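Going letter by letter, the sequence shown gives residues 31 to 495 in our numbering.
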Amino acid sequence: MSIVLSLIMILCVSGAALVFFTQLYPKNWKEKKLVLGVKNRDEFREGAAAETVDAVVKKRRGQACIILAVVFVLAILLLFLTKMVTAWAALLFLTVFTIEIPYVLGNREMKELKRRLGLGGEAGVSYVDLNSAGAVHALNPNRLLIPMLVGLVCVVLAVLMDLEVILPGKVPAAGLFVLTSSTAMFWLVGVIIFVLARIADNLKNEVISADSTINANYNRAKKKNAADLLTAFTWGNTVFLASTVFLFAFWYTGVGIVIVTAAYMIVVFVAIALFVRKSKMIEARYEKEMKLLSDDDDHWIFGLFYCNPADSRMSVERRAGVGMDINLGHPVGKVVGGLLGLILIGVLVLTVWMGVVERTPLTIKAENGTVICHHMKDEYVIDTADIVSAELGENVKDLSLVRNYGYGTITVQKGNFTVDGKSGCTVFLSLETGNYIKIVTDEVTYYINGASEEETEAVYNMISK
């Protein structure tokens with residue numbers, strides 16, 4: 031099971047690295063609209079300037095290739111060296127950060143070259159096509175509303191299953207609304223995708239030519255490509271939601287969860303790959319028509335973050351990667367950017383905390399008439415006088431664990447769980463320790479173990495005397 035999950039994480043890390051690499055470091059830069067986050071132009075393709083740009087692109091692309099190779103090697107090593115989810119999360123953050131370093135350095139070099147050539151200025155130049163401004167759309171809302179309605183039906187089914195109106199006594203953790211909360215969360219993701227799709231479809235049209243028809247066709251093609259991507263995401267999200275309901279109803283196993291998760295990740299990366307491929311085809315198709323390009327390079331910090339107080343738009347097309355960026359110069363953009371920054375910091379802190387938690391062993395001991403379960407702190411203290419029965423289980427992996435609330439990773443499970451169909455059990459288990467103790471009291475059933483089989487057996491022997 032852990033190998034399969036690790037393979038899924040390799041897919042996530044490698045997929046993210048490849049998407050960033052292909053988007054940030056194009057091989058044939060002369061045919062692209064952007065070169066390391068700076069608008070491409072005829073002056074870059076001529077004489078000594080072309081040689082300079084070529085050298086910069088090759089150097090930064092080579093550095094990115096080295097980073098990509100290191101990421102792949104680290105991913106393979108993690109596959110065999112650790113089961114910690116936080117290690118994979120840390121590698122994913124490291125990948126996204128380091129793969130952009132050559133891009134940022136190259137962006138600075140390209141802006142310097144632009145200044146040396148006397149191109150553009152701080153204020154920049156902007157073009158507006160009055161004939162097609164705001165008139166080009168490609169999104170059919172029904173393509174998103176249909177899967178959202180299907181997802182809503184699944185949420186209703188989840189509620190009925192949790193209320194035991196449907197399949198009474200057969201749904202894990204029924205009554206605790208674990209299934210309802212999970213499906214509702216994924217359905218809300220679909221709502222967010224719908225909002226993003228509407229925003230993307232209403233982005234300001236880009237002007238690349240003096241011909242309004244060319245501008246309209248170019249923007250329509252780009253918006254159609256974005257709409258197809260978000261439609262694929264919506265259907266993938268809905269299928270994952272429906273699969274979750276099916277698993278809870280008929281086949282709630284670790285294998286089932288892994289299969290569904292792996293399939294979902296594959297769909298996501300295939301959709302992104304098709305989007306990137308189509309984007310390149312669109313840029314190649316209209317490359318010769320790109321005679322008018324707005325000069326807003328100086329408003330892109332490091333080529334990554336857009337900040338232009340004079341621009342009334344809150345969102346713009348992203349230069350580095352796929353999707354949209356927030357205009358940090360917009361009043362609302364400042365608030366959203368600040369919130370996103372706080373969320374990112376929170377995720378990083380949580381990742382570090384989870385890493386500490388995963389590396390800290392679970393310990394149990396029997397002393398002074400109590401059984402103490404310790405992990406970072408004394409989490410559970412069981413009075414031995416309250417114990418009705420205790421038995422030693424041979425293999426913790428034989429237990430069917432469904433988390434109602436609490437903490438769970440590949441190696442540690444703690445909190446309130448449904449165990450082998452019985453809800454309301456308190457779990458304190460290291461999945462790397464083979465055996466476990468089942469302790470039954472008048473009010474609660476506990477499943478606990480320590481950092482080793484010897485420690486677990488010693489506690490069992492003391493409380494079973």
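The beta carbon of each residue, even a glycine, is placed where N, CA and C say it ideally should be. None of these values were measured; they are calculated from a predicted model.
Ile493 carries a helical assignment under DSSP once its states are collapsed to helix, strand and coil. Taking 9 Å as the cut-off, the Cβ atoms of Leu190 and Gly136 do not count as close. Within the DSSP bridge table, the entry for Thr456 names Asn446 and Tyr476 as partners. Straight through space, the alpha carbons of Trp217 and Gly181 are spaced by roughly 6 Å.
The criterion of a C-beta distance shorter than 9 Å is not satisfied by Leu378 and Glu130. With respect to the C-alpha of Ile312, the residue from Gly148, Val208, Lys254 and Cys95 having the closest C-alpha is Lys254. A straight line joining the alpha-carbon of Val68 with that of Met215 spans about 38 Å. Considering only Glu61, Leu174 and Val300, the residue with the shortest C-alpha distance to Asp231 is Leu174. Val290 has its alpha-carbon roughly 18 Å from the corresponding atom of Leu431. Selection Ile493, Glu483, Tyr466 and Thr486 evaluated against Ser419 yields Ile493 as nearest (Cα-Cα). In this structure, Leu422 lies away from Gln443, with their beta-carbon atoms at least 9 Å apart. With respect to Thr243, Leu143 sits apart: the two C-beta atoms are not nearer than 9 Å. Residue pairing of Ser419 in beta bridges, as defined by DSSP: Val470. Here Cys42 carries a helix assignment [DSSP, helix/strand/coil].
Contact between Leu358 and Gly371 does not hold, since their C-beta atoms are separated by about 10 Å, which reaches or exceeds 8 Å. In terms of Cβ geometry, Leu108 and Leu121 form a close pair [threshold 9 Å].
Residue state for His404 is assigned as strand, using DSSP reduced to three classes. Considering only Arg349, Lys395 and Tyr336, the residue with the shortest C-alpha distance to Gly363 is Tyr336.
Taking the Cα positions, Thr393 is about 31 Å away from Leu209. Annotation: Lys310 to Gly77 spans about 26 Å, alpha carbon to alpha carbon. Straight-line spacing of the CA atoms in Thr414 and Ser44 works out to 50 Å. DSSP, reduced to helix, strand and coil, places Ile356 within a strand of the structure shown. In terms of Cα proximity to Leu461, the closest of Lys427, Tyr435 and Leu124 is Lys427. Nearest neighbour of Ala251 by Cα position, chosen from Phe305, Val298, Met295 and Ala240, turns out to be Phe305.
About 6 Å separates the beta carbons of Phe51 and Ala94, which is inside the 8 Å limit, making them a contact pair. DSSP places Leu431 inside the beta strand (DSSP E), whose first and last residues are Leu431 to Gly438.
Within the same chain, Thr213, Ala214 and Trp217 come within 6 Å of Val185 by CB-CB distance, once the 5 residues on both sides are set aside.
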